[in-house]
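Those letters in the sequence shown? Residues 0 to 362, by numbering that gives the first Met the number 0. Read through the structure below, which is laid out as C-alpha cells, and then see the notes.
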Amino acid sequence: MTKTNLLKILKIPAFIIILLLFLFLALVLFLSVTEYRPKDVEDLSFTSGQKQLEINKKHSILTWNIGYSGLGKYEDFFMDDGKKVQPDSKEVMLSYFNGIKNTLKENPSDIIFFQEIDINSKRSWHLNQYEELKAFTQKEGSFTYNYNCLYVPYPLPTIGRVQSGLALLSDYKIDQSQRISLPVPFKWPVSIANLKRCLLTQKIPLCQNGIESEKKLLLVNFHLEAFDSGEGKIAQTRRLMEVLTAEYKKGNYVIAGGDFNQRFPGSTAFPPYWTDGWLPGNLEIPESMIEEGWHFAYDDSKPTCRSNAKVYTGPQAEARDWQYHAIDGFLLSPNVKELGTRVIDENFENSDHNPVYLEFTLE
C-alpha cells in the first residue's frame, strides 16, 4: 500500500470524527438556545370550578405521580438501573392510562394533584394527558411545566421531545395559580436537557356558614428532585418551606403535597435492601415548624413507590425481592386537621407510584 493510499484511508475516520463532533456541538448549541428558562414566579392561566370550599367541612385530596402513563407493571427505567425510556407500544401506554382513569373513578376526590403528567411528549405518543384527565374528572384547574425540552438526546433510543409537568384539578373556585421555580442542582450542559422543577400553587377562596371568609387555602403541588447527589433535594425542600411558612403567617391555610422523593421523618418502613439502585433522601423540616404544629400526612403501611430497576413482578408481600418506598404524601399547616390518610393500593399496575388519599378539615 502506498503512502498516498494510506493517507486517503486515514482521512475517512478522521472525517467521521470531525462530523460527529460538529453534530454534537450543533446539538448542544441548539439545546442551549432553546432551553426552557422559566421566571422565578409566573402567573398561570387556569379554569375555575364553581363550588365554594367551606371551613369546618370535610374535604379530600388525592395525589398521584402517574409516571406519564409509561411506568406501569411491564416497565423498567434507565435512570433507575433499568433499560427502557418508554413502553413498547402506544397500546401499552393507553392501557396504563385507562387504568389510571379507572382508579380515579373508583376513588373520587375533591382535589387532585398530578405529577409527571405529559401534554406533548414522544414517550407518551404526544397524548395530552392533562386535557384528557381534566375532561374525564370533570374538574377545573391549572398545569405547569417542570420538564420542557425540544429534544432529550439520551439514552439510546433517545427520549426525544418532552413537555411534562404538574397539574392541579378541583371542583372549587380559584383566585390565582402560580408557578414558583425551585433551585436547579444541575449545571450546564447537563441542565439544558433536564428538568426545571417547581411548585404549582393555587389560592382557593373560602367560606364559613355560607359567608365568605377573608382567609384563603393555598394548595401546593410538587415533585422534588430525584436523581441528584442530595443537595438539590435539600435546597428545593428549603424553598418549599419558605413558601409555605410565608403563606401561613398571613393567616391562611396551607396544604402541600406530591412526590417528596424523600423518606418522611420518623418512618422506618421499607428500609433499603438494594444498595446499588436508586434510594430516596431523608426529609427534614425546620424545628420551628414542628414546634408550631406543622405535620406530615402520610401512610407507610403500604409503599407509594417501587423501584424501576426491573419489570415489576410483585406482589408486595415479597418485600425482600423488591425495593419499595413511602415518599408520597402531604405537609399540612397547623390549622389544617388531618382526618385520615391512606395509600390506594393499586399494586403498581399502571404507574410506579400508588396514589395517596387525604381527608381533612380547615379549623
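Where a beta carbon is used, it is the ideal one built from N, C-alpha and C, also for glycine.
With a cut-off of 8 Å on the beta carbons, I'd call residue i and residue j a contact; round off their distance for me.
i: phenylalanine 295; j: leucine 330; result: 6 Å
i: serine 123; j: serine 68; result: 6 Å
i: threonine 143; j: leucine 103; result: The pair is not a contact, with the Cβ atoms about 20 Å apart (cut-off 8 Å).
i: aspartate 327; j: aspartate 258; result: 5 Å
i: glycine 256; j: glutamine 322; result: With 8 Å as the limit, glycine 256 and glutamine 322 do not qualify as a contact, their Cβ atoms being about 23 Å apart.
i: serine 94; j: glutamine 162; result: Not really, about 22 Å apart at Cβ, beyond 8 Å.
i: tyrosine 252; j: leucine 278; result: In fact, because the Cβ distance is near 33 Å, the residues do not count as touching under 8 Å.
i: glutamate 362; j: asparagine 55; result: 7 Å
i: phenylalanine 96; j: tryptophan 63; result: The pair is not a contact, with the Cβ atoms about 13 Å apart (cut-off 8 Å).
i: phenylalanine 263; j: proline 302; result: That pair is no contact at about 13 Å.
i: serine 108; j: tyrosine 356; result: 6 Å
Span of the alpha helix (DSSP H) holding residue i?
i: tyrosine 311; result: From DSSP, tyrosine 311 is part of no alpha helix (DSSP H); its letter is neither H nor E.
i: valine 91; result: 89–105
i: phenylalanine 69; result: Contrary to the premise, residue 69 reads as glycine rather than phenylalanine in this sequence. Segment: none, glycine 69 is in no alpha helix (DSSP H) and carries neither H nor E.
i: arginine 238; result: 230–248
i: leucine 132; result: 128–136
i: isoleucine 254; result: Looking at the DSSP string, isoleucine 254 is not in any alpha helix (DSSP H); the run it does join, the beta strand (DSSP E), is 252–258.
i: serine 287; result: 286–291
Quick check: what's the CA-CA separation for residue i versus residue j?
i: lysine 354; j: lysine 100; result: The amino acid at residue 354 is misidentified as lysine; the sequence shows proline. Going by the C-alpha atoms only, they are around 12 Å apart.
i: leucine 61; j: valine 91; result: 24 Å
i: glutamate 345; j: glycine 48; result: 29 Å
i: arginine 36; j: glycine 209; result: 43 Å
i: phenylalanine 23; j: leucine 70; result: 30 Å
i: glutamate 41; j: isoleucine 16; result: 43 Å
i: isoleucine 158; j: valine 84; result: 6 Å
i: proline 154; j: phenylalanine 77; result: 8 Å
i: asparagine 260; j: lysine 214; result: 31 Å
i: glutamate 53; j: phenylalanine 221; result: 24 Å
i: proline 86; j: glycine 292; result: 43 Å
i: glutamate 105; j: leucine 18; result: 55 Å
i: tyrosine 311; j: phenylalanine 226; result: 21 Å
i: serine 169; j: isoleucine 116; result: 16 Å
i: tyrosine 247; j: glutamate 283; result: 19 Å
i: isoleucine 65; j: glutamate 211; result: 35 Å
i: cysteine 299; j: leucine 26; result: The sequence given here places aspartate at residue 299; cysteine does not occur at that position. The alpha-carbon atoms of aspartate 299 and leucine 26 are separated by roughly 44 Å.
i: aspartate 75; j: arginine 305; result: 10 Å
i: arginine 79; j: alanine 308; result: Reading the sequence as shown, one finds aspartate at residue 79 and not arginine. Using only the alpha carbons, I get a separation of about 5 Å.
i: glutamine 201; j: glycine 81; result: 36 Å
i: isoleucine 363; j: threonine 267; result: Nothing in the structure corresponds to residue 363, since the chain is present only between 0 and 362.
i: tryptophan 273; j: arginine 341; result: 26 Å
i: alanine 325; j: isoleucine 173; result: 31 Å
i: valine 242; j: phenylalanine 14; result: 54 Å
i: threonine 244; j: serine 332; result: 8 Å
i: proline 271; j: aspartate 320; result: 12 Å
i: glutamine 207; j: asparagine 334; result: 15 Å
i: arginine 160; j: valine 32; result: 15 Å
i: leucine 20; j: glutamate 290; result: 57 Å
The beta strand (DSSP E) with residue i in it runs from where to where?
i: threonine 360; result: 355–361
i: tyrosine 144; result: 139–151
i: serine 180; result: 175–180
i: serine 332; result: Serine 332 -> no beta strand (DSSP E), and no H or E assigned at all.
i: alanine 166; result: 159–169
i: alanine 268; result: Alanine 268 -> no beta strand (DSSP E), and no H or E assigned at all.
i: histidine 222; result: 210–222
i: alanine 192; result: Run containing alanine 192: none; DSSP gives neither H nor E here.
i: alanine 225; result: Looking at the DSSP string, alanine 225 is not in any beta strand (DSSP E), and its letter there is neither H nor E.
i: glutamine 114; result: 110–117
i: phenylalanine 295; result: 294–296
i: valine 40; result: 40–42
Is residue i close to chain C, meaning its C-beta is less than 8 Å from at least one C-beta of that chain?
i: serine 163; result: Absence of chain C from the displayed structure is noted, only one protein chain being present.
Near residue i, what residues of its chain come up, given a Cβ to Cβ distance below 6 Å and the 5 sequence neighbours on each side ignored?
i: glutamate 34; result: Ile191
i: tyrosine 171; result: Gly48, Lys50, Leu52, Ile203
i: glutamate 286; result: none
i: arginine 237; result: none
i: isoleucine 110; result: Ile60, Ser169
i: proline 156; result: none
In chain order, what residues of the same chain lie with their CB nearer than 7 Å to the CB of residue i, ignoring the 5 residues before and after it?
i: glutamine 235; result: Leu181, Pro182, Arg196, Leu223, Glu224
i: glycine 250; result: Lys214
i: asparagine 127; result: Ile118, Asn119
i: leucine 43; result: Ser141, Thr143, Ser176, Gln177, Arg178
i: glutamate 348; result: Gly71, Lys72, Gly98
i: lysine 57; result: Leu338, Glu358, Thr360
i: leucine 167; result: Phe112, Gly140, Ser141, Leu199, Gln201, Leu218, Asn220
i: lysine 232; result: Leu223, Glu224, Asn260, Gln261, Gly280
Given residue i, which residues of its chain have a CB within under 8 Å of its CB, disregarding the five upstream and five downstream residues?
i: glycine 229; result: Gly280
i: leucine 30; result: Cys148, Leu149, Tyr150, Pro152, Pro188, Ile191, Ala192
i: lysine 336; result: Phe359, Thr360, Leu361, Glu362
i: leucine 205; result: Gln51, Leu52, Glu53, Ile54, Glu211, Ser212, Lys214, Lys215, Leu216, Tyr252, Leu361
i: lysine 138; result: Gly48, Ile111, Leu168, Ser169, Asp170
i: aspartate 39; result: Ile179, Ser180
**OP:** Would you check if the region 129–140 and the region 178–185 touch, i.e. whether three or more CB-CB distances between them fall below 8 Å?
**Re:** no
Original post:
Is the region 168–180 touching the region 194–204, taking contact as three or more C-beta pairs under 8 Å?
Top reply: Counting Cβ pairs under 8 Å, three or more are found: they touch.
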